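Each protein sequence line maps, in turn, to chains A and B.
Under UniProt numbering, the first residue of the first sequence is numbered 1, with each subsequent residue one higher.
Under UniProt numbering, the first residue of the second sequence is numbered 1, with each subsequent residue one higher.
Every residue gets a Cβ at the ideal spot worked out from N, C-alpha and C, and that includes glycine.
Everything numeric in this text was worked out from a predicted model, so none of it was measured.
Written below as structure tokens is the structure these notes are about.
There are 2 protein chains.
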Amino acid sequence: MTYLPQPETEQIAFANVLTALGDETRLAIIGLLARNEENPMSCGQFSGVGSKTGLSYHLSKLREAGVVHVRPEGTKRYVSIRRADLDQRFPGFLDSIIATAQHLPMPREEAQSTAD
Amino acid sequence: MTYLPQPETEQIAFANVLTALGDETRLAIIGLLARNEENPMSCGQFSGVGSKTGLSYHLSKLREAGVVHVRPEGTKRYVSIRRADLDQRFPGFLDSIIATAQHLPMPREEAQSTAD
Numbered sequence: 001m002t003y004l005p006q007p008e009t010e011q012i013a014f015a016n017v018l019t020a021l022g023d024e025t026r027l028a029i030i031g032l033l034a035r036n037e038e039n040p041m042s043c044g045q046f047s048g049v050g051s052k053t054g055l056s057y058h059l060s061k062l063r064e065a066g067v068v069h070v071r072p073e074g075t076k077r078y079v080s081i082r083r084a085d086l087d088q089r090f091p092g093f094l095d096s097i098i099a100t101a102q103h104l105p106m107p108r109e110e111a112q113s114t115a116d
Numbered sequence: 001m002t003y004l005p006q007p008e009t010e011q012i013a014f015a016n017v018l019t020a021l022g023d024e025t026r027l028a029i030i031g032l033l034a035r036n037e038e039n040p041m042s043c044g045q046f047s048g049v050g051s052k053t054g055l056s057y058h059l060s061k062l063r064e065a066g067v068v069h070v071r072p073e074g075t076k077r078y079v080s081i082r083r084a085d086l087d088q089r090f091p092g093f094l095d096s097i098i099a100t101a102q103h104l105p106m107p108r109e110e111a112q113s114t115a116d
């Protein structure tokens, strides 16, 4: 099984979380994940957030910072927000992010967004 | 008078705010500013957050993103959080940042932090 490194709850660093979220495409991903938090999303469900390569890049940034959990299952990967971990470490923060992220327009310049 | 550019309320971009806050030193600055929000702080009051050059760099990042207001007055500069603007644009967000920022340890590696 593919090993996808992600920090333990206590290792999640607030500055890293903020940096990972500081991107329009990644905020759009969080907005999509938040609409149906109970059900992890497969990568194919993230329509409108750019190319497969771009999505993979952005998901790795979110995963490495501890914002999302990515579970490989066969050839698919299922993504979910690490709600319990983030709420434990940074009370109120995730909800404030989601509240804004769900109202942001979808980013249009995916090429620009992945180049940073 | 020195012109210090900063975005209008409606121009503040959430991704830029998150990126500006994604740094331990800048989170420490927000934690200090939040302890006495009514009174803008002069640069000399930010003891413990590194060199004068580093502080100037970090304050410019926060100002350009729209997180803080910097008011020149003679040879001094007074810094305050843009509470009204941030609360209007991103409800609940600033308070969640402050709640965590005030409990973070002071960053020790200022040289490393300014190099990013």
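Is residue i helix, strand or coil by DSSP?
i             : result
Ser56/A       : helix
Glu73/A       : strand
His103/B      : coil
Ser80/B       : strand
Ser42/A       : strand
residue 135/B : The displayed coordinates of chain B run from 1 to 116. Any statement about residue 135/B would go beyond what the structure contains.
Ser51/A       : coil
Phe90/B       : coil
Gly31/B       : helix
Glu8/B        : coil
Glu24/B       : helix
Ala15/A       : helix
Give me the Cα-Cα distance between residue i and residue j, rounded to the nearest whole angstrom.
i       : j        : result
Tyr3/B  : Phe90/B  : 26 Å
Leu59/A : Thr75/B  : 46 Å
His69/A : Glu37/A  : 12 Å
Ala65/A : Glu8/B   : 30 Å
Ala15/B : Thr53/B  : 25 Å
Arg77/B : Ser47/B  : 15 Å
Leu27/B : Ser96/B  : 12 Å
Ser51/B : Leu86/B  : 28 Å
Asp23/A : Gln6/A   : 19 Å
Arg71/B : His103/B : 27 Å
Gln11/B : Gln88/B  : 12 Å
Report, in whole angstroms, the separation of the C-beta atoms of residue i and residue j, which I expect to be a contact under 8 Å.
i       : j        : result
Thr25/A : Pro107/A : 5 Å
Val49/B : Ile29/B  : 6 Å
If you check the beta carbons only, do residue i and residue j fall under 8 Å apart?
i        : j       : result
Ala101/A : Gly31/A : yes
Leu21/A  : Leu18/B : yes
Val79/A  : Met41/A : yes
Cys43/B  : Leu62/B : no
Ala34/A  : Gly92/B : no
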